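Student:
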Amino acid sequence: MGLKISFFGSSLASFNRNTAAPYYKGIVNALNKNGHKIIFYEQETYRGPAFTDKEKSDWANRVFYQSKKSALLDILSIGSKADLLVKISGEGMFDKELERKVIQIRKQGQRIVFWDVDVKTTLERLQKDPNDQLIKLIPEYDIVFTNGGGQAVIDAYKKLGAKHCIPVYNAVDPETHFPSKPNPVYDCDLSYMGNRLQESEEMIEEFFFKPATLMTEKSFIIGGKGWENKPLRKNIKYAGDMTENFQNVLNSTPLTVLNIGKEESNNTSYSPSSAIFEAAGAGACIITDNLEGINSFFEPGREILLAENGQQVASILDELAPAVAKKIGQAALRKVLAHHTYAHRAKEIEKTLDF
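Just so we're aligned, residue 792 is where the sequence shown starts under our numbering, counting upward by one.
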């Protein structure tokens, strides 16, 4: 018989800044398939047409509450009946209050988890304020799960007094991300899919737009919100705002797919982003920057291609044969299906919980 688990987080919905949504959904869906009953408590702010995903959330009971203290206390009372209480970092308005309340409402025999989905932000917060309440609260949690981070993050949380700190890395859901029939509309030498964000634009300029400038004979496609306002060279095509429904075809069609790990990762490095696993799940030949720890997940040169700058991306495109690109993409697909699905992550979580 499975566990009843209460999650207190931001939202399961996919929208512009909620980059953790694929991670939440993958974990929750996999736990549900293993027989656990999931209730995900999120503020009413994230409810409505602008935030609602097209797919059904039949793998989780989403409970919305109003952004006022009385509503928070109500859902804490209901949620406290679960076997496991999970406080996810970055919840929003009641973030710090939930950090305390989840500990205060625990009952005998219950376990409580602090799940840090933005380790860099959390650790910077604690370094800036030695009196931050979370420093005293961390030892009260039974387990700290982190969205990546490697040994450096484990050591940081151990230093804060965490009983157990376990990284739970991004992965792929093979039911939503899989090889798709190539579409000639998206045929190109290099594609990049991602919204235009200030914090990542410099890296995109280097790794995507610079190769396009250096290799005018090659074709490039970029997708995501914001790029429609940027003047593009003749060899770059804008694919529009690419929704989840188009991700598989845009990962399956091009010769190579670009993913910038350092800019998309909030976990102080040492974990590929969700987008890398999703592209691998579609059999894409991925080019990425030399993210620390990437070789713990993929074998460089055989399952993924690494570049230090735009010039190296251009060199890869100049030398890469389609047959080799296909072979690398297939190797990446085999790797994620064998070791990096959310079903694997759910098993890791259950092992930690001794379930």
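All C-beta atoms in this analysis are idealised placements derived from N, C-alpha and C, irrespective of residue type, glycine included.
Fair warning: this is a prediction, and the values are worked out from it, not measured in the lab.
If contacts are defined as beta-carbon pairs under 8 Å, then LEU1041 and MET1033 qualify, I think. What distance do you get, rounded to the angstrom?
Tutor: 6 Å
Student: Please report the residue range of the alpha helix (DSSP H) in which PHE1037 lies.
Tutor: Membership of PHE1037 in the alpha helix (DSSP H) is indicated by the continuous run 1035-1043.
Student: Identify whether PHE969 lies in helix, strand or coil by the three-state DSSP scheme.
Tutor: In this structure, PHE969 counts as coil in the three-state DSSP scheme.
Student: Following the continuous beta strand (DSSP E) through SER982, name the residue where it begins and the one where it ends.
Tutor: First-last of the beta strand (DSSP E) with SER982: 981-984.
Student: Determine which residues share a DSSP beta bridge with ILE1077 and list them.
Tutor: VAL1048
Student: In this structure, what does DSSP give as the bridge partners for VAL963?
Tutor: THR1132
Student: Give a yes or no on contact between the segment 969-976 and the segment 995-1004, applying the rule of three or more CB pairs nearer than 8 Å.
Tutor: Contact fails: fewer than three Cβ-Cβ distances are below 8 Å.
Student: Who are the near neighbours of HIS1131 in its chain, counting only those whose CB is closer than 7 Å to its CB and skipping five residues on each side?
Tutor: Answer for HIS1131: ALA962, VAL963, PHE1068, PHE1088, listed in chain order.
Student: Grab me the residues of LEU876's own chain with a C-beta within less than 6 Å of its C-beta, minus the 5 sequence neighbours each way, in chain order.
Tutor: SER797, VAL893, ILE903
Student: Can you tell me whether DSSP reads ASN1058 as helix, strand or coil?
Tutor: The predicted model places ASN1058 with a pLDDT of 49, which falls under 50 and marks its position as unreliable, so this point remains unresolved.
Student: For the beta strand (DSSP E) containing PRO958, list its first residue and its last residue.
Tutor: 956-958
Student: Identify whether THR937 lies in helix, strand or coil by the three-state DSSP scheme.
Tutor: strand
Student: Taking the beta carbon of SER1062 as the centre, do at least 16 other beta carbons fall within 10 Å, making it buried, or is it exposed?
Tutor: buried
Student: When the Cα atoms are used, what is the spatial distance from ASP1145 to ILE934?
Tutor: 12 Å
Student: Can you give me the start and stop residues for the beta strand (DSSP E) that GLN834 sits inside?
Tutor: 828-834
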